[in-house]
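Okay, so here's the structure we're looking at.
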Amino acid sequence: MFGIAPAATLIFGLTAAALPASANCDWYVKTSLEQQQRNLKQRCELSGAEWSGDKAAHAAWCASVSPDTSRATAQKREAALAACAAK
């Protein structure tokens, strides 16, 4: 799993960057929910609003920020999951 994180971060960046602004939040919400599921499955105990399982909350937040900000947040969560998995 440790070796996957850099590739996943690259893929997330490329995938999201290729999306039009209107589709970015769809990608962000899906990614956020998947990352939260991994957080729970791996028992990482990462918490805070960015680790919510609330689809509507992620969608509302994403709509209020730039695509660069939402991508950076997803990448930050991915790094936290990788660090947890490496323990």
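Letter by letter, the sequence shown follows residues -23 to -1, 1 to 64 in mature numbering (1 follows the signal peptide of the UniProt record, and there is no 0).
Just so you know, even glycine gets a beta-carbon here, dropped at the ideal spot from N, CA and C.
Quick caveat, the model's predicted, so the values are computed rather than measured.
| Query | Result |
| --- | --- |
| Taking the alpha-carbon of E11 as reference, which of A62, K64, E55, A(-1) has the nearest alpha-carbon? | E55 |
| Pairs of beta-carbons, one from the region 3 to 23 and one from the region 45 to 64, closer than 8 Å: are there three or more? | yes |
| Between the alpha carbons of N16 and D45, how many angstroms are there, rounded? | 23 Å |
| Comparing C-alpha positions only, which one of N1, E22, W4 sits nearest to A62? | E22 |
| If I measure Cβ to Cβ from A40 and keep anything under 7 Å in the same chain, skipping five residues before and after, which residues do I get? | C2 |
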